[in-house]
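Asks: Converting from the sequence shown to our numbering requires adding 7 to each position, the first position being numbered 1.
Below you will find the structure I want to go over with you.
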Amino acid sequence: MVKEYDLLVIGTGSAGSITATKCRKEGWSVAIIDDRPLGGTCSQRGCDPKKVLVEAAELIDWNERMQGKGIEGDSKIDWPTLMEFKRTFTQSIPEDTEEKYEKLGIDMYHGKAVFQSENELKVCSEVLKGKYILIASGAEPIKMGIEGEEYLTHSDDFMELESLPKKIVFIGGGFISFEFAHLAARAGSEVHILHRSESALKKFDQDLVKMLIKRTEEMGVHVHLNTPVNGIEKCGHSFVVKGEQEDRQVEWKADLVVHGAGRTPALDIDLEKGNVQRDKRGVCVNEYMQSVTNPHVYAAGDVASSDAPPLTPVATTESHVVASNLLKGNNKTADYPVIPSVVYTVPKLSSVGMSEQEAKNSGLKIYVKSQDITEWFTYKQTNEAAAAFKVIIDQEKDVVLGAHFLGGGADELINLFAMAIRFQIPLIELKKMPFAYPTIASDISYMV
Numbered sequence: 008m009v010k011e012y013d014l015l016v017i018g019t020g021s022a023g024s025i026t027a028t029k030c031r032k033e034g035w036s037v038a039i040i041d042d043r044p045l046g047g048t049c050s051q052r053g054c055d056p057k058k059v060l061v062e063a064a065e066l067i068d069w070n071e072r073m074q075g076k077g078i079e080g081d082s083k084i085d086w087p088t089l090m091e092f093k094r095t096f097t098q099s100i101p102e103d104t105e106e107k108y109e110k111l112g113i114d115m116y117h118g119k120a121v122f123q124s125e126n127e128l129k130v131c132s133e134v135l136k137g138k139y140i141l142i143a144s145g146a147e148p149i150k151m152g153i154e155g156e157e158y159l160t161h162s163d164d165f166m167e168l169e170s171l172p173k174k175i176v177f178i179g180g181g182f183i184s185f186e187f188a189h190l191a192a193r194a195g196s197e198v199h200i201l202h203r204s205e206s207a208l209k210k211f212d213q214d215l216v217k218m219l220i221k222r223t224e225e226m227g228v229h230v231h232l233n234t235p236v237n238g239i240e241k242c243g244h245s246f247v248v249k250g251e252q253e254d255r256q257v258e259w260k261a262d263l264v265v266h267g268a269g270r271t272p273a274l275d276i277d278l279e280k281g282n283v284q285r286d287k288r289g290v291c292v293n294e295y296m297q298s299v300t301n302p303h304v305y306a307a308g309d310v311a312s313s314d315a316p317p318l319t320p321v322a323t324t325e326s327h328v329v330a331s332n333l334l335k336g337n338n339k340t341a342d343y344p345v346i347p348s349v350v351y352t353v354p355k356l357s358s359v360g361m362s363e364q365e366a367k368n369s370g371l372k373i374y375v376k377s378q379d380i381t382e383w384f385t386y387k388q389t390n391e392a393a394a395a396f397k398v399i400i401d402q403e404k405d406v407v408l409g410a411h412f413l414g415g416g417a418d419e420l421i422n423l424f425a426m427a428i429r430f431q432i433p434l435i436e437l438k439k440m441p442f443a444y445p446t447i448a449s450d451i452s453y454m455v
């Protein structure tokens, strides 16, 4: 027997949950489907629990920096206890999410959804028919295509480790590798990052990335650039990671090998049967987040092919667009404001708006202000090891085009610059703004 709904939603993360909730509150019959614990990646296996763990690394770093400057006594990370603390933020989410859906009257299906036709999904043995279908299934680790790939530990599993291995190799030079490498090293592990190309963290300012890599190596992480990995072998309870450096074969022994080589849209859902076109970035959608080949289908978040980065705020923005278009007919387009990004290493790295190269390629008249600010009071007061900024300015309009930071508080400072870019705040106004002093924000007048 086929069950019919106004809306079928694949995925219970931000994009799926917001759209399902909005439509249900308007009286639609809604079913939501997930083959993992309800609540999505960010809240359970991504951003939120990661931040809890990273804060521990930051506290260790702060304590080490301030030794002999009024702070005495060593501190260390108790990994099992830290995991217990982390779970206080995540363990109730599936149950709380299920309770929320029950109260709203949203039907839940636990299992993998695949298309049966343009407006039908099969979940286990049940067939569901929807007037509309939203794909919001998020992302998953990219297939690396190397021998021994099955021995890789994914980021989800890393955040559930009961104990931390002594030797860890991270493959890839993105967010996951750098953030977890900083955490693991400060928890006492020997850590290596293997990255296939010359540039790590490619979405960020490379001058600041070089400073971060220098600091990363100073605190004990071995960063190997231009080092493609071609295989992993299991040797008893440990592993041997095989790679190349300067045309020679090299090997690293590890107790754990972590996949940090990127993520891809989770779209193994028989899109062909649903007449849903995709490209390498995800479901091909029009300006209304609607499939270009199947008008019954919409997509939001990491699975939608758009120019926006695969971040939770983007998924949230797109979910509101989809909900409006479902309820009122296609009336709203995805307007992406400037979206800041942060790498939660210690120190943090952040970015918003144009890079220096993008600004130069744009044809605009620009000038760039950049400086190593490690000696500024803001950073010297806690003996920071590295801090710097780069701000790209439109010379004719006298407004900020892009901003990039390395250092403590970079995650908060970037939000202020996001607003400055979004609302085209003139530099003279930024310079005149009386921020609380002494704070990180009070440095802005010297940065523009």
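Note that CB positions come from ideal geometry on N, CA and C, so glycine has one too.
Just reading off the beta strand (DSSP E) that residue 114 is part of, what are its end residues?
Replies: Counting along the chain, the beta strand (DSSP E) containing residue 114 begins and ends at 114-117.
Asks: Would you kindly work out how many angstroms separate the C-alpha atoms of residue 217 and residue 393, rounded to a whole number?
Replies: 11 Å
Asks: Restricting to Cα atoms, I'd like to know which of 31, 85, 414, 149 is closest to residue 275.
Replies: 149
Asks: Which runs of the beta strand (DSSP E), 3 residues or longer, sit entirely within the segment 13-80?
Replies: 37-41
Asks: Under DSSP, the alpha helix (DSSP H) around residue 386 begins and ends at which residues?
Replies: Counting along the chain, the alpha helix (DSSP H) containing residue 386 begins and ends at 384-387.
Asks: Could you give the DSSP three-state label for residue 7: helix, strand or coil?
Replies: Nothing can be reported for residue 7: it is not among the residues displayed for the chain, which extend from 8 to 455.
Asks: Look at the alpha carbon of residue 98 and the alpha carbon of residue 254, and state the distance between them as a whole number of angstroms.
Replies: 47 Å
Asks: Please classify residue 372: does DSSP put it in a helix, a strand, or coil?
Replies: Coil at residue 372, not helix or strand.
Asks: Report the residue from 419, 71, 64, 424 whose alpha carbon sits nearest the alpha carbon of residue 398.
Replies: 424
Asks: Nearest to residue 201 by alpha carbon, out of 93, 113, 185, 64?
Replies: 185
Asks: Can residue 401 and residue 433 be called in contact, C-beta distance under 8 Å?
Replies: Inclusion of residue 401 and residue 433 in the CB contact set at 8 Å is not warranted, their separation being larger than that value.
Asks: Assuming residue 284 and residue 300 make a contact with CB atoms under 8 Å, what is their CB distance in whole Å?
Replies: 4 Å
Asks: Is residue 331 helix, strand or coil when you go by DSSP?
Replies: helix
Asks: Need the endpoints of the beta strand (DSSP E) that residue 184 sits in, please.
Replies: Annotation: residue 184 is outside any beta strand (DSSP E); the continuous alpha helix (DSSP H) that includes it extends over 182-193.
Asks: Among 84, 342, 305, which residue has its Cα nearest to the Cα of residue 336?
Replies: 305
Asks: Excluding the five sequence neighbours on either side, which residues of its own chain have a C-beta within less than 6 Å of the C-beta of residue 343, listed in chain order?
Replies: Listed in chain order, the non-local C-beta contacts of residue 343 below 6 Å within the same chain comprise 315, local neighbours out to five positions each way being set aside.
Asks: For residue 163, I'd like the list of residues in its chain whose CB is within less than 6 Å of its CB, leaving aside the five on either flank, ordered along the chain.
Replies: 52
Asks: Could you give the distance in angstroms between the alpha-carbon of residue 83 and the alpha-carbon of residue 231?
Replies: 27 Å
Asks: Applying the 10 Å Cβ sphere with the 16-neighbour rule, what's the burial state of residue 408?
Replies: buried
Asks: Buried or exposed: where does residue 235 fall if 16 or more other Cβ atoms within 10 Å of its Cβ makes it buried?
Replies: Around the beta carbon of residue 235, fewer than 16 other beta carbons lie within 10 angstroms, which makes this residue exposed.
Asks: Are residue 30 and residue 13 touching if we call contact CB-CB under 8 Å?
Replies: yes
Asks: Which class does residue 284 belong to by DSSP, given the choice of helix, strand or coil?
Replies: coil
Asks: Smallest Cα separation from residue 318: which of 363, 26, 35, 54?
Replies: Measuring from the Cα of residue 318, the nearest candidate turns out to be 54.
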